[in-house]
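J.:
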Amino acid sequence: MPPPPSLRLSPQTVLVLETFLDAPRHWRYGYDMSRETGLKSGTLYPILIRLADHGLVETQWEATDPGRPPRHMYRLTAEGRQAAREQVQAFAARRGGRSTPRIAEA
Amino acid sequence: MRGLRRATSGLLRAAVARAPVATRPWGEAMLRELDFIESDRTAVLWALGGVTTMCRQAMNRVANSFRLLSRTKAFWVVLAGAAAVVALLTRLPGRTARTEPAYQYMRDLNRNIRSAVPARGHRAVHPATDHGT
Chain G
1 MPPPPSLRLS PQTVLVLETF LDAPRHWRYG YDMSRETGLK SGTLYPILIR LADHGLVETQ
61 WEATDPGRPP RHMYRLTAEG RQAAREQVQA FAARRGGRST PRIAEA
Chain D
107 MRGLRRATSG LLRAAVARAP VATRPWGEAM LRELDFIESD RTAVLWALGG VTTMCRQAMN
167 RVANSFRLLS RTKAFWVVLA GAAAVVALLT RLPGRTARTE PAYQYMRDLN RNIRSAVPAR
227 GHRAVHPATD HGT
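Just so you know, the sequences run in chain order G and D.
Number 106 marks the last residue of the first sequence (our numbering); no jumps.
Number 239 marks the last residue of the second sequence (our numbering); no jumps.
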């Protein structure tokens, strides 16, 4: 599946996709993803927004205890899982296999 | 550092409050994550990154709304804008007043009146009737 026309696959985007693919069906928090990828919020969130706009990532507010504000969570959609696998592999191939894709089985 | 953390999270809160409705949940998400960051330094950087994201998203929306216009419409919008700027500049005082036809007409009229009507305290001199008496 080719990437959506306006989706720019920067190394940072591929890194985010790789992180999602570690546990493709699990919901993730923004700060946890930032620690795992080493990306600052100013880099990570625009990528997440773009991926969500293209339907590759879905979002959800986590229900918490009453009186505490909910927390935002993210995970790949079914389409996103497939696209992420293909794009991570294609990116690694373009770079001559220098980047090892961390692809987990969905 | 604690004060700086409060200041930057306040800045992020203000940016989220002014953000377009579509991007506001993302800003609120970044705000919420601040509660889970222990280090003040990391929280400051996180909040500043959030402010940057909100500003970038707002600018992207403006750029996208221009992109949605067809080329012809965009051309006319730019042309109208340029015309408005030129009109505004040419109305600045002292720049164009002397070049306007109305100004030239009034200036000539004023000159003609001054030459026809003698100044107060001076006697009008008509070469045909004045014999030097």
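Just so it is clear, CB atoms sit at the ideal spot from N, CA and C, and this is done for glycine as well.
Source: prediction; values computed, not measured.
(1) Could you list which residues in chain D have their beta carbon closer than 9 Å to that of P69 (chain G), in chain order?
(2) Measure the C-alpha to C-alpha separation of P101 (chain G) and R75 (chain G) and round it to an integer number of angstroms.
(3) Between P43 (chain G) and chain D, is there a C-beta pair that is closer than 9 Å?
(4) T129 (chain D) by DSSP, collapsed to three states: which one?
(5) Apart from the five residues on each side of it in sequence, which residues of its chain come closer than 8 Å, Cβ to Cβ, to R167 (chain D)?
(6) For V14 (chain G), does the three-state DSSP call read helix, strand or coil?
(7) In chain D, which residues lie with their C-beta within 7 Å of the C-beta of P46 (chain G)?
(8) When the Cα of R112 (chain D) is compared with those of D:A123, D:A135, D:V150 and D:G155, which residue comes out closest?
(9) What does E155 (chain D) touch in chain G if you count any residue whose Cβ is under 7 Å from its own?
(10) On a CA-only basis, which of G:E79, G:S41 and G:T37 is nearest H54 (chain G)? Give me that one, please.
(11) Count the other C-beta atoms from every protein chain shown that fall within 10 angstroms of the C-beta of F91 (chain G), then say buried if there are 16 or more, exposed otherwise.
(12) At a Cβ cut of 7 Å, what residues of the segment 51-84 of chain G count as close to chain D, listed as they run along the chain?
(13) Output needed for M73 (chain G): all residues of its chain with C-beta closer than 8 Å, excluding positions within five of it in sequence on either side, in chain order.
(14) With DSSP as the reference, label E36 (chain G) as helix, strand or coil.
(15) Could one say the Cβ of P131 (chain D) lies closer than 9 Å to chain G's Cβ atoms, at least one of them?
(16) Note down, in chain order, each residue of its chain lying with its Cβ closer than 7 Å to the Cβ of R108 (chain D), except the 5 sequence neighbours on either side.
(17) Among G:K40, G:V16 and G:Q89, which residue has its Cα nearest to the Cα of A153 (chain D)?
(18) Quick check on L76 (chain G): does DSSP put it in helix, strand or coil?
(19) If I measure Cβ to Cβ from S34 (chain G) and keep anything under 8 Å in the same chain, skipping five residues before and after, which residues do I get?
T.: Judging by the given coordinates:
(1) E134, L137, R138 and D141
(2) Below a pLDDT of 50, predicted positions are generally treated as unreliable, and P101 (chain G), at 45, falls in that range; the measurement from the model is reported next regardless. Those two C-alpha atoms are separated by around 18 Å.
(3) Checking the sequence, you will find Thr at residue 43 (chain G) rather than Pro. Yes, T43 (chain G) counts as interfacial toward chain D.
(4) coil
(5) P126, A128 and T129
(6) helix
(7) T159 and R162
(8) D:V150
(9) In the sequence under discussion, the amino acid at residue 155 (chain D) is Gly, which differs from the Glu named in the question. The answer, in chain order, is K40, S41 and G42.
(10) G:E79
(11) buried
(12) P69, R71 and H72
(13) W27, R28, Y29, T59, Q60, W61 and E62
(14) helix
(15) yes
(16) D146
(17) G:K40
(18) strand
(19) K40, S41 and L44
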